[in-house]
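Participant: Take 1290 as the starting number for the sequence shown in my numbering and just add one per residue.
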Amino acid sequence: MIKFFRRIRQNLLLENKTGKYLKYALGEIVLVVIGILIALQINNWNNTQQNLKKEQEVLKNLKAEVLQNLEEIKRDHEFNVECLDACYTLLEIDKAKSVNPHKIDSLMGTALDYATFDARLGVVNDVISSGKLELIKNEDLRLLLNQWTGELGDYVEDAMVRRNFISNNYAILTRYIPVRNGDKTQDRSDYQKTYKIKPIKVDISNYQKFINDTEVDNAWYSHYINQSFVTINEEEVERFLLKILDLIDKNIDD
1290 MIKFFRRIRQ
1300 NLLLENKTGK
1310 YLKYALGEIV
1320 LVVIGILIAL
1330 QINNWNNTQQ
1340 NLKKEQEVLK
1350 NLKAEVLQNL
1360 EEIKRDHEFN
1370 VECLDACYTL
1380 LEIDKAKSVN
1390 PHKIDSLMGT
1400 ALDYATFDAR
1410 LGVVNDVISS
1420 GKLELIKNED
1430 LRLLLNQWTG
1440 ELGDYVEDAM
1450 VRRNFISNNY
1460 AILTRYIPVR
1470 NGDKTQDRSD
1480 YQKTYKIKPI
1490 KVDISNYQKF
1500 INDTEVDNAW
1510 YSHYINQSFV
1520 TINEEEVERF
1530 LLKILDLIDK
1540 NIDD
């Protein structure tokens, strides 16, 4: 094709048709420029289509991870609310009335059995660290994904406070009452299939001391407060994840 155009220009020069030559040369330049622009446009279109496919892949992976986290946070929250309710009921026992040992065993076992949300962050961390975040066109979604680990940090901090408090005050929380008595009231089918551990019979006065000891009461109240903050943050985390999921659904192809 290039030789064909060159031959035409040479013939025009040989025939002293300079004006026509210049017009033709100019037209040829215009055609070349148009060809380059078309090629660039096609290339840009191809790149755009590739990026759109990559974006959809990123969104699908993010959605799968968000759904997993939502499932776990809901399950853990339900578990921790039971723990919180048990703490409250334990603290509200009427000290003037006769105690119910089995009830206290059950409440103590439930209140000390809490759950900790372990967020899956593999996909979102990869998206951010690899620069794939820029593939996502929705600015609000990009912002939420950048804020996700920070939002999670508040929960992690409160969960750590709860864990450390129980670890440091376990002897006070379980004073007067054998731990196995409370544990026996819980579903332990996962690890008690082989070994059967029987509860220890203790005098009913131990339970009376348990609910009347100020230090024990203070420890349980502190655990109640710590658990309250954890459950509040779980609700915040769930709402945040639902916001992310909503934006993903609005930008993902069905």
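The beta carbon of each residue, even a glycine, is placed where N, CA and C say it ideally should be. Predicted model, so just to flag it, every value in this text is computed and none were measured.
1. Determine the extent of the alpha helix (DSSP H) in which G1398 is found, giving its start and end residues.
2. What number of angstroms, rounded off, separates the C-alpha of Y1310 from the C-alpha of K1343?
3. Could you work out which residue in L1430, R1452, T1503 is closest to D1402 when comparing CA atoms only?
4. Please report the distance separating the alpha-carbon of L1410 from that of I1514.
5. Where do the ends of the alpha helix (DSSP H) carrying T1405 lie?
6. Per DSSP, what kind of secondary structure is V1416 in: helix, strand or coil?
7. Indicate the three-state DSSP secondary structure (helix, strand or coil) for E1367 in the structure shown.
8. Do H1391 and L1462 have their beta-carbon atoms positioned less than 8 Å apart in this structure?
9. Return yes when the C-beta of E1360 is under 7 Å from any heavy atom of the ligand PLP, and no when it is not.
10. If we count the other Cβ atoms within 10 Å of its Cβ and call it buried at 16 or more, is D1394 buried or exposed?
11. Put Y1310 into one of helix, strand or coil per three-state DSSP.
12. Do V1412 and E1361 come within 8 Å of each other at the CB atom, strictly closer than that value?
Facilitator: Short version:
1. 1390-1400
2. Reliability fails at Y1310, whose pLDDT of 45 lies under 50, so the model's placement of it is uncertain and the value that follows must be treated cautiously. Roughly 49 Å separates the two Cα atoms.
3. R1452
4. Cα to Cα, the separation comes out at about 28 Å.
5. Where T1405 is concerned, there is no enclosing alpha helix (DSSP H), given that its DSSP letter is neither H nor E.
6. helix
7. helix
8. no
9. For the structure depicted, the ligand PLP is absent and the ligand set is empty, with no information on it obtainable.
10. Of the residues assessed, D1394 falls on the buried side of the cut-off, its CB having 16 or more other CB atoms within 10 angstroms.
11. Only weak support is given to the placement of Y1310: the predicted model assigns it a pLDDT of 45, under 50, and the question is left unresolved by the model.
12. no
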